[in-house]
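Residues in the sequence shown are numbered from 1162 upward in steps of one, following this note's numbering.
Ideal placement from N, C-alpha and C gives every residue a C-beta, glycine not left out.
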Amino acid sequence: MDKIDATELPDGYDPRAFDHPSVSVDVVALTIRDRSLQVLLVQRSEKPYPSYWAIPGGFVPMQEDLDTAAERKLREKTGVGEAAPFLEQLYTFGKVNRDPRDRVITVAYYALLPAPDSGLPNAPSLGAPIAGANASDAQWFDVKELPPLAFDHAEILQVAITRLQGKLGYTSVAYALLADEFTLTELQTVYETILDRTLDKRNFRKKMLSLDILEATGKERRLGAHRPAQLFRWTKREPVFLP
């Protein structure tokens, strides 16, 4: 039996016979600052939506993988030189008229980044946001105090927040927002900030310590006049499913 080339195209195949929508990536970069969940936005300097704020993103070249494009955009817009602690594909947004320029399908990602003062060893440092091409400014915004957003980016951001809130319930994804060593109070603050509600201190600590995802460091940290608080670290600095 002759060997068949599975990638061989049929006779007469013409790719020009089909529409080719443009493909872009948009990266929702999230961090926690001053006890608020914040997102990185860039201010557009060109039409459409001039002066509107938008989620960082851009078109994907023909020879670039989606994940590579998302990593590149995150690096260009945030100044993060190394891989983000957490970057995951979120959802594909493809309404016909979502972009007035063309038929554009965007693949959204969301990234979690430690705050600049997290003290996370060997973690990417969040310098001043970089506006980059086609943008006049870049800033971090509290997700509760957003300016009007371009395109369907308000929807994309809401999907990202909802996904993150859900993911907290079944994975250890909060690791990406904390320093290498942290107190249980700091961990609870991350959960409360993302979930936007107050959690019972005793129940939260009991649950987290029962999941076998934290280990005591044997060290303590004193905050103000309070007694020293025990420091913990993750058993794995990667998202694991909770039992």
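- For the segment 1199-1278, the continuous alpha helix (DSSP H) assignments of 4+ residues that do not extend past its boundaries occur at 1227-1239, in sequence order.
- Straight-line measurement puts the Cα of Ile1374 at about 7 Å from the Cα of Lys1397.
- Going by DSSP, Ala1315 is part of the alpha helix (DSSP H) stretching over 1314-1329.
- Around the beta carbon of Gln1199, 16 or more other beta carbons sit within 10 angstroms, so the residue counts as buried.
- With fewer than 16 neighbouring CB atoms inside 10 Å of its own CB, Leu1170 falls in the exposed class.
- Cβ neighbours of Val1320 within its own chain (closer than 6 Å, five residues either side excluded): Tyr1252.
- Pairing Tyr1270 with Val1334 gives a Cβ-Cβ distance that is not under 8 Å.
- Counting every other CB atom within 10 Å of its CB across the protein chains shown gives Thr1267 a total of 16 or more, marking it as buried.
- At the C-beta level, Tyr1331 and Phe1402 come within 8 Å of one another.
- Residue environment for Lys1164: exposed (fewer than 16 other C-beta atoms within 10 angstroms of its C-beta).
- Distance from Ile1193 to Val1351 at the Cβ level is roughly 6 Å; contact confirmed, criterion being Cβ atoms closer than 8 Å.
- Here DSSP, grouped into helix, strand and coil, assigns Ala1299 to strand.
- In this structure, Gly1255 lies away from Lys1234, with their beta-carbon atoms at least 8 Å apart.
- The Cβ-Cβ distance between Leu1329 and Leu1356 falls below 8 Å.
- In this structure the segment 1220-1232 does not touch the segment 1297-1314; the number of beta carbon pairs closer than 8 Å is below three.
- The beta carbon of Thr1378 is closer than 6 Å to those of Glu1342, Leu1392, Arg1394 in its chain, skipping five residues each way along the sequence.
- Here Ala1190 is buried, its C-beta having at least 16 other C-beta atoms within 10 Å.
- Within the DSSP secondary-structure output, Glu1342 pairs in no beta bridge.
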